[in-house]
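> This structure is in structure tokens; I'll ask about it shortly.
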Amino acid sequence: MKKKKWLNLFTAATAVTIAATAVPVASSAAQFSDIKGDTHEQAIVQLVDAGIIKGYPDGTFRAYQDLTCSDVVKLIGRFIKLQGYEIPSDYKTNMRFLDLSKNTDDELLQYSALVKDAGIFEGNRLNPTQAMTREDMAVILANTLSKIYQVDVHHYVDAQSFEIEVTDIQEAKESARSSIQVLDYFNITNVKEFKPKATLKRGQFASFLQRLINTTLTEKLFQVKKVEVVGNEIVVQFNEAVNLPTSTSSKEIATYFKLVGLENEVFAKGELNKEGDSYTITLNSKNEGNYRFEIKGVPSKSGKILPAFDKRISIQKTEEPKEETRFVVESEKFVLGVTPDGQIVDKYDANIKVYGFVNHDKVELPSSAYTITTNSKYLNVDGNKVTANVDAIEADGILDEENQTYEADIFITINQTGEQIKHTLTLSSEKVKVNGKFVLINKNSLSQKELKEIDVEVSEYGLVLTATDLFKEIYEEGYFEIEDQYGKEANFNPNTGLVTFADGSSREIRPIITNINTTNDQYEISYNGTINLMIGLGEKGLSRGDSFNLKLSIDDATVIVKVYMR
579 MKKKKWLNLF
589 TAATAVTIAA
599 TAVPVASSAA
609 QFSDIKGDTH
619 EQAIVQLVDA
629 GIIKGYPDGT
639 FRAYQDLTCS
649 DVVKLIGRFI
659 KLQGYEIPSD
669 YKTNMRFLDL
679 SKNTDDELLQ
689 YSALVKDAGI
699 FEGNRLNPTQ
709 AMTREDMAVI
719 LANTLSKIYQ
729 VDVHHYVDAQ
739 SFEIEVTDIQ
749 EAKESARSSI
759 QVLDYFNITN
769 VKEFKPKATL
779 KRGQFASFLQ
789 RLINTTLTEK
799 LFQVKKVEVV
809 GNEIVVQFNE
819 AVNLPTSTSS
829 KEIATYFKLV
839 GLENEVFAKG
849 ELNKEGDSYT
859 ITLNSKNEGN
869 YRFEIKGVPS
879 KSGKILPAFD
889 KRISIQKTEE
899 PKEETRFVVE
909 SEKFVLGVTP
919 DGQIVDKYDA
929 NIKVYGFVNH
939 DKVELPSSAY
949 TITTNSKYLN
959 VDGNKVTANV
969 DAIEADGILD
979 EENQTYEADI
989 FITINQTGEQ
999 IKHTLTLSSE
1009 KVKVNGKFVL
1019 INKNSLSQKE
1029 LKEIDVEVSE
1039 YGLVLTATDL
1049 FKEIYEEGYF
1059 EIEDQYGKEA
1069 NFNPNTGLVT
1079 FADGSSREIR
1089 PIITNINTTN
1099 DQYEISYNGT
1109 INLMIGLGEK
1119 GLSRGDSFNL
1129 KLSIDDATVI
1139 VKVYMR
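Here you go:
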């Protein structure tokens, strides 16, 4: 099948926005002395006139100069801002990438926040000065298309039948291949040799972005509008009529729909509404939980096939309505701390409380008024105290995985009337983490006051100050007291930056430099927020009299130390 033709993405409203935009640096692309007759000239002219791309003050454009990652952030950011997207208000205080700081170029901070929040750029590092490759550019442009159309263009293209023209797609990293295929399908790339590993040039990107701007679908996309769970039903709404039968065959329904982790017999009935654009799936009982709901291969009335779709959904228990509530049972969150090797760190009493109603007022019953029993081997009942059966939980491994849960029932019998109430306890695992104690103690304080500031002798170090250097300085004047949520001590190694917990697991303390006070605007800082942190000293960094805040974080705990350069 041949590739489709496409119309212009800029609407009339967008064109008005562009006309009102002041063109940066050069008032017209015609002023550039080095683009006349170039294959990218038309694209450069359009993007300059739109205020998206800039030239150099000397009147040149330099079409064959490498583009850095920060350059691409600004270009994509300006483009999607013209589409009506706004700069996040916290762009200056909430760094989207670890290798940016509040001292970074303000325009880069604005657009990096915009493109990261839009899902166009991924990962925690921007590598702003690094030259971008063509394969990475493909990923970014495909993500930009998805954002503009509000549809996953990768899934859309996968569902189409066409012959890819790019011959060297296998040379690209696997994660970029589907994006290159998207560019090929939409005619954003028109060459057979894409050269995915080559660095991206300014002129090339102008042409790629111009073709993206001049791209839009000539046909309506067939897609899922909404998925919602109502009681024991999943309702799927499409944006056009579908060709699905009303069915009581779970196997037939499972041809198009799947709840990952459950057997096919989970579906009791599938029914299409009168308009044909909404399909309601009734579930069999006892399917409560969190699942990935997958849809694939659904045909529309017009003959289209739905691109693959999936969404996380939550199915809740449905209780039969009761005529009157006479008693209610409450319990605290029942959490067990489980280590990576399956050993249970601690256990808690479920703290069961039973209430009755007197003239509609809720009144707690004394423990002598009821009896608690259970048929679960994972619970122990001692009088009215309910705890975990640690041996059974460990033997069956029901909570070996982090964030795994297990439900177990108890039964409360009211002694006077014989009425019985069923109550479900949720046992859940929890990884060991710092939230018991995380303080930095001053060695020289008899009363164990916290260490708030340290001095660093610049002459003791060379051209850079590292995270290991800072930890060493801290440990000359203080030490950490660290406990997990169970009150067990954890140990810190200043040479590695690792905190080791009682269960043998370990995680890094993240050193983050903030609030730098210096007169040297040329200072360099890299890998901020990691154990590989480095900040320059001397000509390209800090010197005597400068200072900064060192924020040390692990899990949800943080301490801040003021560092003075001496």
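Residue numbers (our numbering): 579 to 1144.
The beta carbon of each residue, even a glycine, is placed where N, CA and C say it ideally should be.
(1) Which two residues bound the contiguous alpha helix (DSSP H) that contains residue 1051?
(2) Entirely within the stretch 778 to 802 and at least 4 residues each: give me those alpha helix (DSSP H) ranges in chain order.
(3) Applying the criterion that 16 or more other CB atoms from any shown protein chain within 10 Å of the CB defines a buried residue, is residue 1106 buried or exposed?
(4) Straight-line CA distance for residue 674 to residue 801?
(5) Note down the Cα distance separating residue 1082 from residue 1088, rounded to an integer number of angstroms.
(6) For residue 904, count neighbouring C-beta atoms within 10 Å of its own C-beta (all shown protein chains included) and say buried if the count is 16 or more, exposed if not.
(7) Within 10 angstroms of the Cβ of residue 1117, are there 16 or more other Cβ atoms? Answer buried if so, exposed if not.
(8) Taking Cβ positions, are residue 820 and residue 769 nearer each other than 8 angstroms?
(9) According to DSSP, is residue 1139 part of a helix, a strand, or is it coil?
(10) Please report the distance separating the alpha-carbon of residue 765 from that of residue 666.
(11) Are there three or more Cβ pairs, one per stretch, closer than 8 angstroms when the stretch 737 to 752 is compared with the stretch 675 to 692?
(12) Mapping DSSP to helix, strand and coil, what is residue 733?
(13) Residues in the same chain with beta-carbon distance under 7 angstroms from residue 1134, minus the five sequence neighbours each way, listed in chain order, please.
(14) In whole angstroms, what separates the C-alpha of residue 812 from that of residue 1068?
(15) Quick one: what does DSSP say residue 986 is sitting in, helix, strand or coil?
(16) Can residue 948 and residue 1022 be called in contact, C-beta distance under 8 angstroms?
(17) Taking the CB atoms as reference points, tell me whether residue 711 and residue 775 lie closer together than 8 angstroms.
(18) Do you know offhand how far residue 976's Cα is from residue 953's?
(19) Is DSSP giving residue 645 helix, strand or coil here?
(20) Can you tell me which residues form a DSSP beta bridge with residue 1001?
(21) Expressed to the nearest angstrom, what Euclidean distance is found between the alpha-carbon atoms of residue 727 and residue 661?
(22) Report all residues from its chain with a CB closer than 8 angstroms to the CB of residue 733; omit the five preceding and five following residues, and keep chain order.
(23) Would you mind sorting residue 828 into buried or exposed? The rule is 16 or more other CB atoms within 10 Å of its CB.
(24) May I ask you to list the residues that DSSP assigns as paired with residue 1112?
(25) Would you tell me roughly how many angstroms separate the C-alpha atoms of residue 784 and residue 668, rounded to the nearest one?
(26) Rounded to the nearest angstrom, what separates residue 822 and residue 860 at their Cα positions?
(27) I need the straight-line Cα distance from residue 714 to residue 657, nearest angstrom please.
(28) State the start and end residues of the unbroken alpha helix (DSSP H) segment that holds residue 973.
(29) Could you give the residue range of the alpha helix (DSSP H) that holds residue 718?
(30) Over what stretch of residues does the alpha helix (DSSP H) that includes residue 1132 continue unbroken?
(31) Determine the burial state of residue 851: buried for a count of at least 16 other Cβ atoms within 10 Å of its Cβ, exposed for fewer.
(32) Would you identify the three-state DSSP class for residue 657, choosing helix, strand or coil?
(33) Report the CB separation of residue 849 from residue 824 in whole angstroms; it is logged as a contact under 8 angstroms.
(34) Return the first residue and the last residue of the alpha helix (DSSP H) that residue 693 is part of.
(35) What residue range does the beta strand (DSSP E) around residue 856 cover?
(36) With DSSP as the reference, label residue 828 as helix, strand or coil.
Reading it off the structure:
(1) Numbered from its first residue, the sequence shown carries residue 1051 at position 473. Segment 1045 to 1055, the alpha helix (DSSP H) holding residue 1051.
(2) 780 to 791
(3) In the sequence shown, counting from the first residue as 1, residue 1106 sits at position 528. When all chains shown are included, residue 1106 counts as buried.
(4) Translated into the one-based positions of the sequence shown, residue 674 becomes position 96. Translated into the one-based positions of the sequence shown, residue 801 becomes position 223. Approximately 31 angstroms between the Cα atoms of the pair.
(5) For the purposes of this step, residue 1082 is taken as residue 504 along the sequence shown, with counting starting at 1. For the purposes of this step, residue 1088 is taken as residue 510 along the sequence shown, with counting starting at 1. Taking the straight line from one Cα to the other gives about 19 angstroms.
(6) Taking the first residue of the sequence shown as 1, we reach residue 904 at position 326. Classification of residue 904: exposed, given that the 10 Å Cβ count is below 16.
(7) Looking up residue 1117 in the sequence shown gives position 539. That one is exposed.
(8) If you number the sequence shown from 1, residue 820 lands on position 242. If you number the sequence shown from 1, residue 769 lands on position 191. Result no, Cβ atoms of residue 820 and residue 769 do not sit closer than 8 angstroms.
(9) In the sequence shown, residue 1139 corresponds to position 561, counting from 1. In the displayed model, residue 1139 falls within a strand according to three-state DSSP.
(10) Working through the sequence shown from its first residue, we reach residue 765 at position 187. Working through the sequence shown from its first residue, we reach residue 666 at position 88. So the alpha carbons of these two residues sit roughly 32 angstroms apart.
(11) no
(12) Start at 1 with the first residue of the sequence shown, and residue 733 comes out as number 155. Helix at residue 733.
(13) Taking the first residue of the sequence shown as position 1, residue 1134 is located at position 556. For residue 1134, where only same-chain residues beyond five positions count, the Cβ hits under 7 angstroms are 1013.
(14) Here residue 812 is taken as the residue at index 234 of the sequence shown, counted from 1. Here residue 1068 is taken as the residue at index 490 of the sequence shown, counted from 1. About 46 angstroms.
(15) Residue numbering aside, residue 986 sits at position 408 when the sequence shown is read from its first letter. Per DSSP, reduced to three states, the secondary structure at residue 986 is strand.
(16) Taking the first residue of the sequence shown as position 1, residue 948 is located at position 370. Taking the first residue of the sequence shown as position 1, residue 1022 is located at position 444. Not in contact: residue 948 and residue 1022 (Cβ atoms no closer than 8 angstroms).
(17) Position 133 of the sequence shown holds residue 711. Position 197 of the sequence shown holds residue 775. In contact: residue 711 and residue 775 (Cβ atoms closer than 8 angstroms).
(18) In the sequence shown, the residue the question calls residue 976 occupies position 398. In the sequence shown, the residue the question calls residue 953 occupies position 375. Distance between residue 976 and residue 953, taken at the CA atoms: about 17 angstroms.
(19) The residue you call residue 645 lines up with position 67 of the sequence shown. Three-state DSSP puts residue 645 in coil, outside helix and strand.
(20) The residue given as residue 1001 occupies position 423 in the sequence shown. In DSSP, residue 1001 forms a bridge with 988.
(21) Taking the sequence shown and counting its residues from 1, the one referred to as residue 727 is at position 149. Taking the sequence shown and counting its residues from 1, the one referred to as residue 661 is at position 83. Using only the alpha carbons, I get a separation of about 11 angstroms.
(22) Working through the sequence shown from its first residue, we reach residue 733 at position 155. Cβ within range, chain order: 885, 886 and 887.
(23) Locating residue 828 in the sequence shown gives position 250, counting from the first residue. Classification for residue 828: buried.
(24) Locating residue 1112 in the sequence shown gives position 534, where the first residue counts as 1. Residue 1112 pairs with 1044 and 1104.
(25) Here residue 784 refers to the residue found at position 206 when the sequence shown is read from its first residue. Here residue 668 refers to the residue found at position 90 when the sequence shown is read from its first residue. Near 30 angstroms, if we compare the C-alpha coordinates of residue 668 and residue 784.
(26) Residue mapping note: residue 822 aligns to position 244 of the sequence shown, counting from 1. Residue mapping note: residue 860 aligns to position 282 of the sequence shown, counting from 1. Whole-angstrom Cα-Cα distance: 15 angstroms.
(27) In the sequence shown, residue 714 corresponds to position 136, counting from 1. In the sequence shown, residue 657 corresponds to position 79, counting from 1. Rounded to the nearest angstrom, the two C-alpha atoms are 18 angstroms apart.
(28) Here residue 973 refers to the residue found at position 395 of the sequence shown. That run of the alpha helix (DSSP H) goes 968 to 974.
(29) Counting from one through the sequence shown, the residue named residue 718 turns up at place 140. Run containing residue 718: 712 to 727, per the alpha helix (DSSP H) assignment.
(30) Residue mapping note: residue 1132 aligns to position 554 of the sequence shown, counting from 1. Unbroken run through residue 1132 is the beta strand (DSSP E), 1125 to 1132; no alpha helix (DSSP H).
(31) Translated into the one-based positions of the sequence shown, residue 851 becomes position 273. Exposed: under 16 other Cβ atoms inside 10 Å.
(32) Along the sequence shown, read from residue 1 onward, the residue named residue 657 stands at position 79. In this structure, residue 657 counts as helix in the three-state DSSP scheme.
(33) Taking the first residue of the sequence shown as 1, we reach residue 849 at position 271. Taking the first residue of the sequence shown as 1, we reach residue 824 at position 246. The C-beta distance from residue 849 to residue 824 rounds to 5 angstroms, short enough to meet the 8 angstroms contact threshold.
(34) On the sequence shown, residue 693 is found 115 positions in, with the first residue counted as 1. Run containing residue 693: 684 to 695, per the alpha helix (DSSP H) assignment.
(35) Position 278 of the sequence shown, counted from the first residue, corresponds to residue 856. It spans 856 to 861 - the beta strand (DSSP E) in which residue 856 sits, taken as one unbroken run.
(36) By 1-based counting over the sequence shown, the position of residue 828 is 250. Helix at residue 828.
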